[in-house]
Structure formats: C-alpha cells, structure tokens
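Visitor:
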Amino acid sequence: MPIIACNNICKSFPMGKERVDILKGISLSVEAGEFVAIIGESGSGKSTFLNVLSGIMPTDKGEMVIAGEHLEVMDENQLALFRRQYLGFIFQSYNLLTQLSALENVELPLIFAGVPKQKRREQAKRMLEKVGLADRMDHLPSELSGGQQQRVAIARALVNNPQVILADEPTGNLDSKTSIEILELLKQLNSEEGTTFVVVTHSHVVYDYADRLIEMKDGLLVTEGKTKE
C-alpha cells in the first residue's frame, strides 16, 4: 500500500463574490521511501497542495490517505496529533525561533510530543550531528549561515522519526553551492532513514536528486517522469 494516496483533491478560495479553483482534482500515489519532486511555475498550486497534503489546509473534495489514515475525515485535534506522529516539515524560510539555540530548536517537536528532557536532548544532539552541526549546537540562528539554518530545520523535521517529510522550496533561499549541499544531505537521509520525501520546488537543481518528477500546472498534475530507473 502506498504511503501517500490522494484521489481527486480539490481546493478553492473566495475572491470577491466568486470562488477560484486552485486544485482541480489531483490524484497522486507515493510509495514509502520515494523522493518525489513536484515542480511547476509560481501560482501553479504547488504550495497549496502541500498545505492540503499536510492537513494544515482542509480539502474541499477528495480522499487523502497517509500511512493508512484518512486525513479528510479528521478534526483539528486529530490532524495535529497525526502531523506530530507521522510528518516532518522543511520550509524555504527555515522557521527557526530566533531566541532559541540550534539544539533547542531541534528539541521543539519532542517537547510537544512529551518526550522527557534528557531523552529529547540526546535525540536532538544525535540529529544535529547527523546533519553536520555537532559544533554549532549552542549557536543562535543569527549566528548561523543560511545553509546551517536549513540544516537545523532538517534536523528538526527528522528528529521524531516521521514517515513522511514535506518540503516547500527547501533550497529557495540558498545559493547554488549550498543548495547542492542541502540536497545531497536530503538524499542521504532519504537513503539511510528510508523516509519518504515530497519536495515542492521550481528549482532545476532539485531534479537530479528526485526518484520521480511530477509537473503541476494550473492546479493539475500534468506530466510525470522518472529521473532514474
């Protein structure tokens, strides 16, 4: 059974007296351990689809199953618990708390999950070591480069061992060299941890790292192709 199975997902937003269709019937299946890139121009609906896929934004219509659970029938409390247990998030803008150290930022999901202090501290340290920041754990975000901040965000996304990572333009604020370093890290973690990645991007740099490319245009998935056999 696929780790992600979407069927006829639709989403619209009010604009004046009318509603504008953003997602127009998306069906998608993703196998466990895949690294999938959803590509397309700005305004094609990529980020909206990612928000719906995460349960942050409700779907108007359609069926959405992740790890065997139907998100479209869950209430807000159930969705919050589901995200905490199954999903990790990586954002273009890092979304780190500026007053917390790298280690404290990575600990946050474990605090919400009720993990005891000593155990969560050990888990956060291990994950920061895995992303190459063993010597930056006590630094604030303002004391880190963009690439280092994104590594902290990746460690935070992975610290509670989610089955699926959803990433929205994870290299969007990085230069070409740093983008490649971050993508190499994501691919390494994908291979070593077996975590499923769904990455929304308009960056061609991402393409070579994906197992599968899916193009979105005008709220629909229009083409699909393999980058490798």
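Under our numbering, the first residue of the sequence shown is numbered -16, with each subsequent residue one higher.
C-beta atoms are modelled at their ideal positions from N, C-alpha and C, and glycine is treated no differently.
Going by the CB atoms, is the gap between Gln146 and Ile49 shorter than 9 Å?
Guide: yes
Visitor: Express the C-alpha separation of Ala(-12) and Ser174 in angstroms, rounding to a whole number.
Guide: 22 Å
Visitor: Taking just the CA atoms, how far does Val56 sit from Gln133?
Guide: 33 Å
Visitor: Would you call the CB atoms of Leu149 and Phe72 closer than 9 Å?
Guide: yes
Visitor: Pick helix, strand or coil for Glu105, following the three-state DSSP scheme.
Guide: helix
Visitor: Tell whether a beta-carbon distance below 9 Å holds between Phe180 and Glu17.
Guide: yes
Visitor: Let me know if Glu90 comes out buried or exposed under the rule of 16 or more other beta-carbons within 10 Å of its beta-carbon.
Guide: buried
Visitor: Going by alpha carbons, who is nearest to Gln46 out of Leu80, Asn(-10), Ala63?
Guide: The residue you asked about is not Gln; residue 46 is Glu in the sequence shown. Measuring from the Cα of Glu46, the nearest candidate turns out to be Asn(-10).
Visitor: Please confirm whether Lys29 and Asp151 have their CB atoms less than 9 Å apart.
Guide: Contact flag set, yes.
Visitor: Take Asp43 and list the residues in its own chain whose beta-carbon comes closer than 7 Å to its own, dropping the five residues that flank it on each side.
Guide: Cys(-7), Lys(-6), Ser(-5)
Visitor: When DSSP builds the beta bridges, which residues end up paired with Leu172?
Guide: According to DSSP, Leu172 bridges with nothing at all.
Visitor: Nearest-angstrom Cα distance between Leu196 and Tyr190?
Guide: Between Leu196 and Tyr190, the C-alpha separation is close to 7 Å.
Visitor: How would you write the range of the alpha helix (DSSP H) that Lys225 sits in, first residue to last?
Guide: Outside the modelled stretch of the chain, which goes from -16 to 212, sits residue 225, for which no answer is possible.
Visitor: Where does Pro99 land, buried or exposed, given buried means 16+ other C-beta within 10 angstroms?
Guide: exposed
Visitor: Compare the Cα-Cα distances from Arg104 to each of Arg139, Leu80, Asn156 and report the closest residue.
Guide: Arg139
Visitor: So which of Leu6, Gly51, His122 has the shortest CA-CA distance to Leu204?
Guide: Leu6
Visitor: In this structure, does DSSP put Asp151 in helix, strand or coil?
Guide: strand
Visitor: I'd like the list of long-range same chain contacts for Gly23, defined as Cβ closer than 8 Å, with 5 residues on each side in sequence excluded.
Guide: Lys29, His185, Glu198, Met199, Lys200
Visitor: By the 10 Å Cβ neighbour count, where 16 or more other Cβ atoms means buried, how is Gln94 classified, buried or exposed?
Guide: In the sequence under discussion, the amino acid at residue 94 is Ile, which differs from the Gln named in the question. Result: exposed.
Visitor: Using three-state DSSP, classify Lys44 as helix, strand or coil.
Guide: Lys44 falls in the strand class under three-state DSSP.
Visitor: Which two residues bound the contiguous beta strand (DSSP E) that contains Val183?
Guide: From DSSP, the beta strand (DSSP E) with Val183 extends over 179 to 184.
Visitor: Using the C-alpha atoms, what's the distance from Arg67 back to Ile39?
Guide: It is roughly 12 Å from the alpha-carbon of Ile39 to the alpha-carbon of Arg67.
Visitor: Nearest by alpha-carbon distance to Asp194: which of Glu176, Lys170, Gly202 is it?
Guide: Lys170
Visitor: Which partner residues of Ala136 appear in the DSSP bridge assignment?
Guide: Paired residues: none, contrary to the question.
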